[in-house]
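Asks: Right, I'll just put the structure down here and ask away after.
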Amino acid sequence: MTRNQNSLNQVISCGILWNDAVALRRISMALRRWYEHECNGAIQRDGDRGDGVPYWHSTHDGRKLYRAPDRERGALRRMAEIMSRYPDLTPYVQGDPRGCALYILRPSDVPAGKDADAYYNRGIPVY
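Counting in numbering that gives the first Met the number 0, the sequence shown runs from 0 upward without gaps.
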């Protein structure tokens, strides 16, 4: 069994329907690609807080090239829509491109009163 099949089976085992699990996997892959582009400077957001319009930038000299479709916001919106059907589960988005971008947290994964940032890797990675 491949890592992808195992990941989908784990996601399904916590009560998420097959179609939603596949959609979450695609969302995770899209977010990971987005975070890779942000990490290498190819995509940057305009605005002081980094929440503005995304633009492609030259990785050679850093100049702004053209507007990029905002795939991050779309993926996060679709993820929120899917996860609203599973109120006992919590999505955790991890922005480091060296690992999985999306984890599904069960109630027992994060100790009461603790921050998910320190415990997200106890959740189910969506590869």
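Glycine residues also receive a C-beta, built at the ideal position from the N, C-alpha and C atoms.
Buried or exposed: which applies to S27, given that a residue is buried once 16 or more other Cβ atoms fall within 10 Å of its Cβ?
Replies: Looking at its Cβ environment, which holds 16 or more other Cβ atoms inside 10 Å, S27 is buried.
Asks: Using 8 Å as the cut-off, can you tell me whether the segment 99 to 111 makes contact with the segment 84 to 91, which would need three or more C-beta pairs spanning the two stretches below that distance?
Replies: Flag = yes, the segment 99 to 111 and the segment 84 to 91 touch.
Asks: Short of 8 Å in beta carbon distance, which residues of its chain neighbour M22, apart from the five on each side in sequence? Order them along the chain.
Replies: The sequence given here places Ala at residue 22; Met does not occur at that position. Answer for A22: R77 and I81, listed in chain order.
Asks: Less than 9 Å separating the beta-carbons of Y34 and D116?
Replies: Cβ distance not < 9 Å, so Y34 and D116 don't count as in contact.
Asks: Buried or exposed for Y65, going by 16 or more other Cβ atoms inside 10 Å?
Replies: Result: exposed.
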